[in-house]
Structures are given as structure tokens and as C-alpha cells.
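Number of protein chains: 2
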Amino acid sequence: MTKPSPAARERIVAGAADMISRRGLNATSIREMAKHARAPLGSTYHYFPEGKQQLATEAVRHTGEWVARRLRKELEAGPVAGLRAFLALWRKIVVDSDFRAGCPVLAVSIEEPPTGETPPAVVAAADVFTEWESLLSASLREHGAGREEAAQLATLVVAAVEGTVAMCRAKRSIEPLDRAAEQLRALILATIKD
Amino acid sequence: MTKPSPAARERIVAGAADMISRRGLNATSIREMAKHARAPLGSTYHYFPEGKQQLATEAVRHTGEWVARRLRKELEAGPVAGLRAFLALWRKIVVDSDFRAGCPVLAVSIEEPPTGETPPAVVAAADVFTEWESLLSASLREHGAGREEAAQLATLVVAAVEGTVAMCRAKRSIEPLDRAAEQLRALILATIKD
DNA sequence: CTCTGGCTATAACAGCCGTCATAGTCTAAC
DNA sequence: GTTAGACTATGACGGCTGTTATAGCCAGAG
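In order, the protein sequence lines correspond to chains A and B. Be aware that the first sequence starts at 1, since it is given in the working numbering, and climbs by one per residue. Be aware that the second sequence starts at 1001, since it is given in the working numbering, and climbs by one per residue.
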């Protein structure tokens, strides 16, 4: 092996996730992803032989796991702390990028493929959403929420965050996220029983 | 004039909104929009001399007003009825398209332009979100909700719907929307005072 | 009838797209 | 010191992109 650089591969994935979160999947070219990661175009097809779809899939999973790790850790202190961390995480992304970046998982979800089948990247996006919901839902149940109640609330939290992030980008303001946050916090407090 | 067709222009706008809601803005070419509306490419630049940005802007506004009209009408029966109609509207779009269509306003919101300035289509998207929120918020206040409370809840509803629609598309399931709907309904009932 | 002007048809432009193929480089193991 | 194989460099392919220009049509106004 040339370099001990499995770092190159990961750099490409992380860069792809960032670019997709800003411009969407279809508007992000492989050439730009490569350049953004300071990797040659050839390397892209070396690491990801299945091309753009594979790269997108891995970018989605990369983001999904990164968020899930953070969420898992913060949820140890309870659902309210978990929610706060979840909100803070996205708030930072939106604000630090000057309202230019969002969630790559959402971006991939809303770009229909020409084909009739569900592309792997969209399947990965669905899995990521489900995992985030599961983490929140489990924590809510541990704190006294009913099964159905917990599932509904978890879905609402994920959906509301994804939605507000997009609204914040359109409005060039963090207000939507902060407003929804208030309601979500109150709702969780009213749902858990301790 | 050749035809008494001011219909052509509107057909292009409506078609553009539909295509953008499925594939995103950047992945939808002007040629495809024209073909989808059975209009010649030349007509596109005749009706929309400022090109793709103008077409996207009008598509966003078209969708925004269409939804706002429906919302305004149903809100006459109160916030709960308004919410139900809002949810039903998006539910129909998602289900009827077999999870392939979503919201063009969201799609436009999350595709950053290369330039430093906010493109007109994104500004239009922000305005649309604000209008939907205003309608909901006003109705909530008419039914006893406080100013801040109403604004927060209105933002949460819009964000949650936009988010769930995307989640439904990724998962190829209507469940996320229906789950969030339950929570939103309960939340509104608990907030209004009559 | 002529003529005007909204609309269409067609072609061209420069440039980027995803993908592939090839030849080359350079390190680590033998 | 040789060799294998992971990585890079380069260039090409057909096709699609947004946009513009130009010439043509064809209904209604005068």
C-alpha cells in the first residue's frame, strides 16, 4: 500500500456529506467532491467502484452514525438533554455555515431517481431516520412514556428538526428552529413521567 | 395571438412545481419542464426571460398560494380542522405519487446557490413558509392561544409536515406523517382554549 | 388586404456531467 | 532487488446543461 491513509477514503465521504448537505445530491458532481477532499478523481472510483450512488450512500450513513453517536451519548442524561443536544447539533451546523448547510440525509431523501426502484442512498436515508427515532423513542419509554406515545413523539422530533433546518436556511434565520425547540421541550416534559 | 392560451404559462409553472417536488431544482432541466408541459423550449424563455431562477420562483409561489388558499378556507372551521386539511393535502400528494413527490418549497430551500446572495427562489420559499405559519398562527390566536405560543406551534406544524413528508418518501411509508399528525392534533387541542 | 407582434421552431454555444480505460507511480513484502 | 498491488494521473466518450440567436409562423387589428 502506498500510504497508511485510510484517511483519504473517509475524507472523501465526509466532504461528500458536507457538499450534499449544501447543494443537494444531483447538483454535487463527483469531480467537485474529489477536489473538495483534495483527492484525485481516479481515487473516487477506486474507493467507490459503484460510483456516485455508493458515495452518496456512504455519505448518508456517515452522517447518520455521527449524529447517532452524539445522540446516544447525550440521551444517557435523559430525553430532555438528548433533545437539547440534538437541537444544538443542527443549530451549530446551520449557523456556522451561515445558513448554507443542512442535513444530507434529507437532501438525499427528496431527490427521486429516474428508475422505478428505490436507490440504495434513499434506503440508507430511511434507515438513518429510523435509527434516530429509535434512540429517542427508547429513551422516552425508559422515562415512562407509552410505546405508541414514544414512537409518535420521536418521529415528531426528527421531522420537526429536519423541517426547521430547511426553513432556517430559506429564511436565513435561526428563529424557526428555536421556536419549534420550545414546543418540543414542553411536549417532552409533559410526556415523560419523572 | 395564436391561441387564447394564457393557460400555457400556467401549465409550465404547475409542471415545473411538480417536477421540482420530485427531483429537486438542480436535477430538473428547463428542457424537461417544457416537454412535461408540452410546450416548446423557446416558449419557456419567452414567458420567463430571466430563465430557470424565475421559473423556480414562480413555481414556489404557485405552490405556496395553492396551499395557502386551501389552508385559509379550512381554517374557518378552526385550527384543528385546518391542521387536518393541511395534513390531508400533503398526505394525498405523497400517497398519490407513490412516495415520489414532496414539497417543491422545501426542495428549493435546501439547494444552495454558488453565489453569495440569496437567490429569488429561496426568498420566495421563505415567504411561503412565513405565510403558512401566519395563517396557522392567526387561527390559533383567534381560539385563545397566546402570541408566542401560537407562533411556536405554527412553526412546529409547518416544520413537522415538511419533515415528515421527506421521511415518508425515504421510507416509502406514510407512517411518519400519521404518527406526527397524532401528536400535533393533541398539542393543538391542549393549546386552544375552546 | 397588409401588417404587427405574440408565439414557435431550430440550431448553435461553451461547458460540465458520470463513467471508463489506460498507463504510470511508488510502497511494502518477499 | 525484484515484484505485486494499492493508488494516481490523464484523457477520452457521449450526452445533457442553461442560455441565446435567428428565422418562421399565424391570428387578429387596421
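Ideal Cβ positions, reconstructed from N, Cα and C, are used throughout, including at glycine.
### Task
Could you tell me the distance, in whole angstroms, from the CA atom of T164 (chain A) to the CA atom of R11 (chain A)?
If you number the first sequence from 1, residue 164 (chain A) lands on position 164. If you number the first sequence from 1, residue 11 (chain A) lands on position 11. Taking the straight line joining both Cα atoms gives about 28 Å.
### Query
How many angstroms separate the CA atom of F1129 (chain B) from the CA atom of I188 (chain A)?
As a first step, residue 1129 (chain B) is located in the second sequence; it is residue number 129 there, counting from the start. As a first step, residue 188 (chain A) is located in the first sequence; it is residue number 188 there, counting from the start. So the alpha carbons of these two residues sit roughly 25 Å apart.
### Task
Give a yes or no on whether the C-beta atoms belonging to V180 (chain A) and A1190 (chain B) are separated by under 8 Å.
Taking the first sequence and counting its residues from 1, the one referred to as residue 180 (chain A) is at position 180. Taking the second sequence and counting its residues from 1, the one referred to as residue 1190 (chain B) is at position 190. Reading off the sequence shown, one finds Ala at residue 180 (chain A), where the question assumed Val. Inclusion of A180 (chain A) and A1190 (chain B) in the CB contact set at 8 Å is not warranted, their separation being larger than that value.
### Exposure of K193 (chain A), with buried meaning 16 or more beta-carbon neighbours within 10 Å
In the first sequence, the residue the question calls residue 193 (chain A) occupies position 193. Sixteen is the threshold: since fewer than 16 other Cβ atoms of the shown chains lie within 10 Å of the Cβ of K193 (chain A), the residue is exposed.
### Task
Spatial neighbours of K1052 (chain B) within its chain, please: CB distance less than 7 Å, with the 5 preceding and 5 following residues excluded, ordered by chain position.
In the second sequence, the residue the question calls residue 1052 (chain B) occupies position 52. Here the set comprises I1030.
### Query
For the alpha helix (DSSP H) that K73 (chain A) lies in, which residues bound it at each end?
By 1-based counting over the first sequence, the position of residue 73 (chain A) is 73. Where K73 (chain A) is concerned, the enclosing alpha helix (DSSP H) stretches over K52 to L75.
### Message
Is R1169 (chain B) close to chain A? Criterion is C-beta to C-beta, closer than 8 Å.
### Response
Taking the first residue of the second sequence as 1, we reach residue 1169 (chain B) at position 169. Against chain A, the CB of R1169 (chain B) has a partner CB under 8 Å away; the residue lies at that interface.
### Task
Give a yes or no on whether the C-beta atoms belonging to L177 (chain A) and W90 (chain A) are separated by under 8 Å.
Here residue 177 (chain A) corresponds to residue number 177 of the first sequence, with the count starting at 1. Here residue 90 (chain A) corresponds to residue number 90 of the first sequence, with the count starting at 1. Yes, these two residues count as a Cβ contact at 8 Å.
### Task
For the alpha helix (DSSP H) holding H1046 (chain B), just list the boundary residues, first then last.
Indexing the second sequence from 1 puts residue 1046 (chain B) at position 46. Where H1046 (chain B) is concerned, the enclosing alpha helix (DSSP H) stretches over L1041 to Y1047.
### Task
For the region 1086-1114 of chain B, enumerate the residues whose C-beta is nearer than 7 Å to any C-beta of chain A, in chain order.
Within the region 1086-1114 of chain B, those residues whose Cβ lies closer than 7 Å to any Cβ of chain A are, in chain order, R1100, G1102, L1106, A1107, S1109, I1110, E1111 and E1112.
#### Entry: Nearest-angstrom beta carbon gap, A107 (chain A) and S21 (chain A) [assumed within contact, 8 Å]
Mapped onto the first sequence, residue 21 (chain A) falls at position 21. Mapped onto the first sequence, residue 107 (chain A) falls at position 107. Yes, S21 (chain A) and A107 (chain A) are in contact; Cβ-Cβ is about 6 Å, under 8 Å.
### Query
Quick one: is E162 (chain A) near chain B, going by C-beta distance under 8 Å?
If you number the first sequence from 1, residue 162 (chain A) lands on position 162. Proximity of E162 (chain A) to chain B, defined by a Cβ-Cβ separation below 8 Å, is satisfied.
### Query
Quick one: is Q1054 (chain B) near chain A, going by C-beta distance under 8 Å?
Along the second sequence, read from residue 1 onward, the residue named residue 1054 (chain B) stands at position 54. No, because no Cβ of chain A sits closer than 8 Å to the Cβ of Q1054 (chain B).
### For M1167 (chain B), the nearest candidate out of A:K92, A:A77 and A:E131 (CA to CA)
Your numbering for residue 1167 (chain B) matches position 167 in the second sequence. Taking each of A:K92, A:A77 and A:E131 in turn and checking the Cα distance to M1167 (chain B), the smallest one comes out for A:E131.
### DSSP-derived helix/strand/coil call for G82 (chain A)
As a position in the first sequence, residue 82 (chain A) is number 82, starting the count at 1. In the structure shown, G82 (chain A) falls within a helical segment according to DSSP collapsed to helix, strand and coil.
### Task
Could you check if P104 (chain A) is buried or exposed, using at least 16 other CB atoms within 10 Å of its CB as the buried criterion?
Start at 1 with the first residue of the first sequence, and residue 104 (chain A) comes out as number 104. Classification of P104 (chain A): buried, given that the 10 Å Cβ count is 16 or more.
### Message
Which same chain residues end up closer than 8 Å to K1003 (chain B) when comparing Cβ atoms and leaving out the 5 residues on each side of it in sequence?
### Response
One-based indexing of the second sequence puts residue 1003 (chain B) at position 3. Bear in mind that a pLDDT of 43 at K1003 (chain B), under 50, signals an unreliable position, so the model cannot answer this.
### Task
Please go through the same chain and pick out, in chain order, the residues whose beta-carbon is closer than 6 Å to the beta-carbon of A1008 (chain B), but skip the five residues on each side of it.
Working through the second sequence from its first residue, we reach residue 1008 (chain B) at position 8. Answer for A1008 (chain B): A1039, listed in chain order.
### Message
Considering only the alpha carbon of each residue, which of A:E162, A:I174, A:E182 and A:L153 lies closest to E1182 (chain B)?
### Response
Translated into positions along the second sequence, residue 1182 (chain B) becomes position 182. Between E1182 (chain B) and the set A:E162, A:I174, A:E182 and A:L153, the nearest pair of CA atoms involves A:L153.
### Query
Do the region 1133-1145 of chain B and the region 1077-1084 of chain B touch if we need at least three Cβ pairs shorter than 8 Å?
With a cut-off of 8 Å, the region 1077-1084 of chain B and the region 1133-1145 of chain B count as touching, because enough Cβ pairs lie within range.
### Task
Starting from A125 (chain A), find everything on chain B with Cβ-Cβ shorter than 8 Å and list it in chain order.
The residue given as residue 125 (chain A) occupies position 125 in the first sequence. The contacting residues are A1170.
### Partners in chain B for R179 (chain A), counting only beta-carbon separations shorter than 8 Å
Indexing the first sequence from 1 puts residue 179 (chain A) at position 179. Within 8 Å Cβ-Cβ: A1151, Q1152, T1155 and L1156.
### Task
Using a threshold of 8 Å, state whether the C-beta atoms of A170 (chain A) and A1126 (chain B) are closer than that.
Position 170 of the first sequence, counted from the first residue, corresponds to residue 170 (chain A). Position 126 of the second sequence, counted from the first residue, corresponds to residue 1126 (chain B). Contact: yes.
### Query
F48 (chain A) versus chain B: which residues are under 8 Å apart at the beta carbon?
Along the first sequence, read from residue 1 onward, the residue named residue 48 (chain A) stands at position 48. The premise fails here: F48 (chain A) is roughly 20 Å from chain B at the closest Cβ pair, so nothing lies under 8 Å.
#### Entry: Close beta carbons around Q54 (chain A), own chain, < 6 Å, minus the five adjacent residues each side
Taking the first sequence and counting its residues from 1, one reaches residue 54 (chain A) at position 54. Only F48 meet the Cβ criterion.
### Message
In whole angstroms, give me the CA-to-CA distance for E1117 (chain B) and A68 (chain A).
### Response
As a first step, residue 1117 (chain B) is located in the second sequence; it is residue number 117 there, counting from the start. As a first step, residue 68 (chain A) is located in the first sequence; it is residue number 68 there, counting from the start. Distance from the CA of E1117 (chain B) to the CA of A68 (chain A), rounded to the nearest whole angstrom, comes to 33 Å.
### Message
Within 10 Å of its beta-carbon, does L1025 (chain B) have 16 or more other beta-carbons around it, so buried, or fewer, so exposed?
### Response
Taking the first residue of the second sequence as position 1, residue 1025 (chain B) is located at position 25. Under this definition L1025 (chain B) is a buried residue.
### Task
Report the neighbours of E182 (chain A) on chain B: residues whose CB is nearer than 7 Å to its CB, in chain order.
Position 182 of the first sequence, counted from the start, is the residue given in the question as residue 182 (chain A). Residues of chain B with a Cβ closer than 7 Å to the Cβ of E182 (chain A) are, in chain order, Q1152.
### Query
What's the call for V157 (chain A), buried or exposed, on a 16-neighbour Cβ count within 10 Å?
Here residue 157 (chain A) corresponds to residue number 157 of the first sequence, with the count starting at 1. With 16 or more Cβ atoms within 10 Å of its Cβ, V157 (chain A) is classed as buried.
### Message
Which residues in chain B have a C-beta closer than 7 Å to the C-beta of G146 (chain A)? List them in chain order.
### Response
Mapped onto the first sequence, residue 146 (chain A) falls at position 146. One finds nothing in chain B with a Cβ atom closer than 7 Å to the Cβ of G146 (chain A); even the nearest lies about 12 Å away.
### Query
Hey, does L140 (chain A) have any beta-carbon neighbour from chain B nearer than 8 Å?
What you label residue 140 (chain A) is simply residue 140 of the first sequence in a count that begins at 1. No, L140 (chain A) does not count as interfacial toward chain B.
### Members of the region 16-38 of chain A near chain B, C-beta cut-off 7 Å
Only those residues of the region 16-38 of chain A whose C-beta falls short of 7 Å from the nearest C-beta of chain B are listed: R22, R23, G24, N26 and A27.
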